[in-house]
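So the sequence lines, in the order shown, correspond to chains V and L.
Start counting the first sequence at 1; every next residue gets the next number (full-length UniProt numbering).
Start counting the second sequence at 1; every next residue gets the next number (full-length UniProt numbering).
These notes concern the structure reproduced below.
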Amino acid sequence: MQKLQLLQNQFNPTSDDIFSHIVQAPPDPIFGIANAYKADTSNTKIDLGVGAYRTDEEKPYVFEIIKKLEKEIVNDPTLNKEYLPIEGLADFNKGCQKLMFGQNSPLIASGQIVTAQCLGGTGALRVGFEFVKRHIPGDVYVSKPTWSNHNQVIERAGLNQFEYPYYEPKTKGFNCAGTIECLSQARMGSIVLLHVCAHNPTGVDPTEAEWLQIADVCKRRRLVPFFDCAYQGFASGCIEKDVFAVRKFAELGFQMIVAQSFSKNMGLYNERVGAVHIVTSNKDISARVLSNLKIVIRTICSNPPAIGARIAAKILTDEKYFNAWVEELKTVTGRIIKMRTLLKQELDNLKVPGNWDHITKQTGFFTFTGLTPEQCDLLTKQYHVYLLRSGRMSMAGITSKNVRYLAESIKAVVQNK
Amino acid sequence: MQCLRALRYFSVWSQVPMGPADPILGVAAQFKADPSTQKVNLSIGAYRDNEGKPVVLESVKRAEQIIKERKLDNEYLPVEGLQSFIDASIKLGYGDAYYAQNGKSIAGCQVLSGTGAVRLGFEFAKKFLPQGTKVYMPNPTWPNHHNIARMAGLEILEYRYFDPKTRGVDFSGLVEDLSKAQNGSVILFHACAHNPTGCDLTTAQWTQLLDLSKQKNFLPFFDMAYQGFTSGDVNKDAEAVRLFTKQGVPIVLGQSFAKNMGLYGQRTGCLSFVCANQSEKDKVVSQLKLLARPLWSSPPLHGARVADIILNTPELNQLWLSEVKMMADRIQYMRVSLANTLKNLGSPHDWSHISKQIGMFAFTGVGPDHVKELIAKYHIYLLSSGRISIAGLNEGNVKYVAEAFHDVTKNTKL
């Protein structure tokens, strides 16, 4: 029926036939909720949907160091608005490498890391997967669950995807055995998408020992690790500790891909600041890989936006700015950890049925609360608390003022049978 | 963990071949590396003033001041971008009158400059037009058009455009090719300042193409990267777009603010679709968002904010229009200057096409061998197609460039 309609459109054209078959796309699962929250007029509403940091006053937060540097850059007469190279700002790329792999990583000196500036984490993922499709096409294994946009990016890049059982609902923890077992069955040369830290949406991360097990199965099955790092600094509060997995895998000799985002940890959300890294075995191969990354980038945006990268580059390459940033990041992360503690306390005080240890065990922006979709719907409709139907709650939206109301609302929906 | 060591010598990427250097950005890199003090960059399409310097427009600087004073935050834009920028951009492209009447049925999305507009537009076309729909592009066109169409999975065909004999448009060839094109095809048009040839169609020619488009139910995709920058008048430069929309032909429009606002590195652009009504527009926007999310999640804010403030602040808008005219005028002046200087040097060739062509680029007529010599002997960088960026010329170097061109071509054919 649809085919016939399309054929008809081609041969019996009138000016309004071209798009008449188009149907309304479903709202983005995450941004859609942000829109619903915006439209809600209740004065008890709480936004626990999108993963964007909020202060204790429920305000977006611009890092002080970012404000300062933005001013410097806008006022700098030596800077113009010219095109960046296709692969982006060189200083920024170098700085990204050091932050991800370590100041003194031998891989940097040996030219084994190919880096290109990308449009946030999404841009890095898309460029990485388009590269994979063109040069090492294979099945992609993604965690179950994962960030919803991962599935879309991989699909648009034309790759097949499978899930590995990451989250164990019974323990509200990482299903290590299940993950290893699944990956052991993966075809050789498959790609494994791994969250470096502060897993989105579960907040559950493998331990160091568990990362070694994952490394082992990747080696055995010749799986290519593709790391997504959107929360460096937000998991433990320590930027080195948070990228343990990437550095360990690099140390173990893996060739891999890393997508790095500065949306959250520098609060540069809307300037789309990110990078993709590909680790190769030598610098000749690096040159070839870079030339092909550039071809992919050229057909998406030609070259990346400058301003966010300039700001990030200053932070990454100047010691005093870097230290100022790390301090602010610790404060921001500290608030999220505090909210986790407060929420757990309130839930315990109210004697809300169930085990809520995961609230403080999980890390990063998000908590997989364990609430069912129906409970989440009720939480939203009746209590004006906005979260994802998967039960994912963004802890950055909790404040000292709303945490009690939140706990009471959770109690109400949990007890509502 | 013994297999770990073995993997150090196995390369995952060993099958990756060296990719070809980008023809345009590759030459710019060569220029950068050249130590000669006489070097001239006529390769990249970025405006330069009479001192050969990049320009940050005054209107842009003022808009940035306003942004600073407002102390805005850095939150994610929605997937479709900054709405007030999108609206202002559409108004600029389609004209006040059309916008007032039909604005509600134009689906718009902020994108990563002109490249992003073409990429998102082609992805949308691939997904929603009937399978087997072809895209026709002018021969020649900006090389990246081909790359993007390929990435989006679209089949590309060419229509004749440039006539090397006349160094103008081969209009009868163009009409012949498009008349033979499949009904319902997407036709890529350069709205103004054709890149790389600088040869634009006349109003009469556009009108003929309009009739042909109606006949064959084409979907015209206008790539407009030089509105205002071409003739100096934003309305005149958008004539072709408005001719089609006034007649009710649904079009796709890609707009870039890289050149006309000098926002190159900010990657500011807009993609729009003329829809039948508001309900259809809402659906198209929702589908554009579905495609944009896995490309870039949301577009970068800074440049869009600047453009938004300029377009929506009357005195800044006036200032901007005068600055764009000034850039267009300087380019026109350099065209005439180069052509005249070559004539005065006694060149045996007719260089009048340089002053007749319009916009950033001129298809000079020199060939790859001439280009090699110009680079090696004179450190003048241009594309092997003979395309020069007029913006790279100024009163300080035009004589040098003319002499060089004269020297390499005086004993050869063009």
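Where a beta carbon is used, it is the ideal one built from N, C-alpha and C, also for glycine.
Computed from a predicted structure; not experimentally measured.
Separation of residue j from residue i, as counted between CA atoms
i      : j      : result
L/K165 : L/L201 : 17 Å
V/A312 : V/G120 : 12 Å
V/L69  : V/G274 : 18 Å
L/G303 : L/E80  : 15 Å
V/F234 : V/M100 : 14 Å
L/D177 : L/R160 : 7 Å
V/E82  : L/K61  : 14 Å
L/K358 : V/N104 : At residue 358 of chain L the sequence reads Ile, which differs from the Lys that was named. Computed Cα separation, rounded: 53 Å.
L/A258 : V/E271 : 16 Å
L/D407 : L/Y381 : 15 Å
L/F31  : L/K39  : 8 Å
V/L183 : L/T313 : 57 Å
L/H24  : L/A391 : In the sequence under discussion, the amino acid at residue 24 of chain L is Ile, which differs from the His named in the question. If you take the alpha carbons of L/I24 and L/A391, they lie about 15 Å apart.
L/L345 : L/S352 : 14 Å
V/K170 : V/V246 : 28 Å
L/N340 : L/V371 : 21 Å
V/L371 : V/R392 : 8 Å
Simplified DSSP state of residue i, which is helix, strand or coil
i      : result
L/N41  : strand
L/Q30  : helix
L/K134 : strand
V/M393 : strand
V/C218 : helix
L/D350 : coil
L/G254 : strand
L/S272 : strand
L/N277 : coil
V/M1   : With a pLDDT of 49 at V/M1, under the threshold of 50, the modelled position of this residue cannot be trusted, and the question is left open.
L/L112 : strand
L/E158 : strand
V/V62  : coil
L/G168 : strand
L/A362 : strand
V/I30  : coil
V/K81  : coil
V/I278 : strand
L/N139 : strand
L/K68  : helix
Any C-beta of chain L under 7 Å from that of residue i
i      : result
V/S148 : no
V/A306 : yes
V/R126 : yes
V/I257 : no
V/R272 : yes
V/L193 : no
V/I180 : no
V/I359 : no
Residue-level contact to chain V via CB, residue i, 7 Å cutoff
i      : result
L/H302 : yes
L/I380 : no
L/M151 : yes
L/R242 : no
L/R119 : yes
L/G81  : no
L/G392 : no
L/R70  : no
L/M18  : yes
L/D49  : no
L/R267 : yes
L/G116 : yes
heavy atom of the ligand SAM below 6 Å from residue i C-beta
i      : result
L/G114 : What this structure holds is no ligand at all, so the ligand SAM is not there to describe.
Inset, instruction - Name, going along the chain, the residues of the segment 281 to 296 of chain L whose beta-carbon falls closer than 8 Å to a beta-carbon of chain V. - result: D282, K283, V284, S286, Q287, K289, L290, L291, R293, P294, L295, W296
Inset, instruction - Would you list, in chain order, the members of the segment 312 to 341 of chain V that have their beta-carbon closer than 8 Å to a beta-carbon of chain L? - result: Of all residues in the segment 312 to 341 of chain V, none is placed with a Cβ closer than 8 Å to any Cβ belonging to chain L.
Inset, instruction - Using a Cβ-Cβ cut-off of less than 7 Å, list which residues of the segment 252 to 264 of chain L approach chain V; keep chain order. - result: G262, L263, Y264
Inset, instruction - Give, in chain order, every residue of the segment 85 to 110 of chain L whose Cβ lies closer than 8 Å to some Cβ of chain V. - result: none
Inset, instruction - For the segment 121 to 151 of chain L, enumerate the residues whose C-beta is nearer than 7 Å to any C-beta of chain V, in chain order. - result: Result list: F128, P130, N144, N147, I148, M151.
Inset, instruction - Only counting runs of 4 or more residues, tell me where the alpha helix (DSSP H) segments fall wholly within the segment 350 to 381 of chain V, in order along the chain. - result: 358 to 361
Inset, instruction - Give, in chain order, every residue of the segment 91 to 119 of chain V whose Cβ lies closer than 7 Å to some Cβ of chain L. - result: L119
Inset, instruction - Let me know the beta strand (DSSP E) ranges lying completely inside the segment 85 to 131 of chain V, each 3 residues or longer, listed in chain order. - result: With a minimum length of 3 residues, the continuous beta strand (DSSP E) runs that stay inside the segment 85 to 131 of chain V are 113 to 119.
Legend entry - Minimum length 4: unbroken alpha helix (DSSP H) runs contained in the segment 162 to 201 of chain V: 176 to 184
Legend entry - Residues within the segment 21 to 43 of chain V neighbouring chain L, beta-carbon criterion of under 7 Å: I22, V23, Q24, A25, D28, F31
Legend entry - Members of the segment 149 to 181 of chain L that neighbour chain V once the beta carbon cut-off is set at 7 Å: M151
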